[in-house]
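Going left to right, the sequence shown walks through residues -22 to -1, 1 to 284 as mature numbering (1 follows the signal peptide of the UniProt record, and there is no 0) numbers them.
Even glycine gets a Cβ: it sits at the ideal position worked out from N, Cα and C.
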Amino acid sequence: MNSKRRILLLISSVLSLILVDRYFRNQVEPQLSDWFTPRNRPDVITTTDWLAPVMWDGTFDRQALEKYYRRQNITVGLAVFATGRFADEHLRSFLQTANKHFMAGHRVVFYIIADVLFHLPAVELDPLRTLKVLPVGRESRWHDPNLVHMRSLGEYVVRRIRAEVDFLFSMTVNQVFQNEFGVEALGASVAQLHPWWYFRNSRNFPYERKPDSAAYIPFGQGDFYYDSSIVGGTPHNVLNFIEKYLGGVIHDLERGLNSTYERHLNKYFFLNKPTKLLSPEYNWDAAFYPPDEIRYVRVVRYSGSR
């Protein structure tokens, strides 16, 4: 069996699982007027054309949000993919800093999606934090890691995660939390603005431009360029994204195309507008000095070895 056919079969099996059962718990979000003050940041985009809030320092009342979500008694999942050359190096810092800053004061389940070569670092977690290792198969060695991550995450959302958490984030392991990543980031469908492309002309966004690709966005269209390092929302919406992404991969493979994960993600959010956007403060690239608009870096992303 050739590599392409094997990939198609692996993806198709997970898509079939995703489509079998659609039961999820519903989450009601608080009213924007109770916690969101966009006029406090006239220097940046705080509200999208479809009226979704963009989270910047100074635009939200965390105390009001904490009061709301504590009544909801929420549990938040954070999935991270721990395979590849630098996984062990980054994972300790990721878990140590996430334990301190990610949804502090709320129940959190860390899902470590790992291959057979994975070594769990010794990290002491706070009482409200739980860590679960979710293994992936041997195919993780020869597939696109983003494809393996999302395929595995979709399978685990259906089989267990959806029954354990109210909100779910998927993040890359090469990130370090520096400040609070709190309940202001919760939403039905959460997208991360790209730290580089937010400050660039939208005409130059690196969308997929091949018309036959499922990720295609025509010139002159598109809202923002979203970063693939963070995606979140309710388990239902995360799974919906995974379903569309895997379907897009199959579409492209059958036509001899191979677009990137990030371009598929941008096409998804182009068609399915996120209900909340995280500013570049939530995923700043360590290679660049923050401009004046970035007042409060919450998460820093590193490329390669540190």
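Asked: Residue interval of the beta strand (DSSP E) (run including PHE277); Found: With the sequence shown as reference, residue 277 is identified as Val, and Phe is not the correct amino acid for it. Here the beta strand (DSSP E) through VAL277 covers 277 to 279.
Asked: For MET(-22), the three-state DSSP class (helix, strand or coil); Found: Caution applies to MET(-22), whose pLDDT of 46 falls short of 50 and renders its modelled position unreliable; the value that the coordinates give is listed next. In this structure, MET(-22) counts as coil in the three-state DSSP scheme.
Asked: Residues bridged to SER148 (per DSSP); Found: ALA57, VAL209
Asked: Cβ-based neighbour list, SER237, same chain, cut-off 6 angstroms, excluding 5 preceding and 5 following; Found: GLU186, SER191, ALA193, ASP230
Asked: 4 or more residues per run - each alpha helix (DSSP H) lying fully within the region 145 to 233; Found: 213 to 232
Asked: Cβ-Cβ distance between residue 315 and ASP93 below 9 angstroms; Found: Limits of the chain in this structure are -22 at one end and 284 at the other, which puts residue 315 out of reach.
Asked: Distance between GLU67 and GLU232 (C-alpha atoms, nearest Å); Found: 37 angstroms
Asked: Where SER283 falls, given that 16 or more other Cβ within 10 Å makes a residue buried; Found: Caution is warranted here: a pLDDT of 45 is assigned to SER283, below 50, making its placement in the model unreliable, and the coordinate value is therefore given only provisionally. By the neighbour-count rule (16 or more Cβ atoms within 10 Å), SER283 is not buried but exposed.
Asked: Exposed unless 16 or more other CB atoms sit within 10 angstroms - verdict on GLU162; Found: buried
Asked: Sub-9 angstroms separation of VAL168 and PRO258 beta-carbons; Found: no
Asked: Between the CA atoms of ASN51 and LYS78 - distance to the nearest angstrom; Found: 19 angstroms
Asked: Chain B contact for ARG49 (CB, 9 angstroms cutoff); Found: Looking for chain B here will not work: only one protein chain is present.
Asked: CB contact flag (PHE202, ASN152, <9 angstroms); Found: no
Asked: Inter-residue Cα distance where the pair is VAL86 and LEU29; Found: 29 angstroms
Asked: Reduced DSSP category for TYR6 - H, G, I as helix; E, B as strand; rest coil; Found: According to the sequence provided, residue 6 is Val. The question's Tyr does not apply to it. Note: VAL6 maps to coil in three-state DSSP.
Asked: Assigned secondary structure, THR25 (DSSP; H/G/I helix, E/B strand, else coil); Found: strand
Asked: First and last residue of the uninterrupted beta strand (DSSP E) at ARG85; Found: 85 to 92
Asked: Proximity below 9 angstroms, CB of LEU125 to CB of LEU(-8); Found: no
Asked: Spatial distance of TYR204 from TRP175 (CA atoms); Found: 8 angstroms
Asked: Coarse secondary structure for THR238, derived from DSSP in three states; Found: coil
Asked: Nearest-angstrom Cα separation, counted from VAL277 out to PRO123; Found: 22 angstroms
Asked: Beta bridge counterpart(s) of PHE14 as assigned by DSSP; Found: PHE38
Asked: SER180 versus GLU102 - alpha carbon distance; Found: 43 angstroms
Asked: 7 angstroms Cβ shell around ARG273 - same chain, five flanking residues per side excluded; Found: ASP35
Asked: Nearest to SER281 (by Cα), restricted to the options GLU271, PHE266, VAL275; Found: PHE266
Asked: GLN170 classed as buried or exposed, judged by whether at least 16 other C-beta atoms fall within 10 angstroms; Found: buried
Asked: Residues that DSSP places opposite PHE80 in a beta bridge; Found: PHE159
Asked: Burial state of PRO184 (16 or more Cβ within 10 Å); Found: exposed
Asked: Buried/exposed call for LEU249, threshold 16 Cβ in 10 Å; Found: exposed
Asked: Reduced DSSP secondary structure (H/G/I, E/B, other) of ARG49; Found: helix
Asked: Alpha-carbon spacing of GLY234 relative to HIS242, whole angstroms; Found: 16 angstroms
Asked: Assigned secondary structure, LYS245 (DSSP; H/G/I helix, E/B strand, else coil); Found: helix
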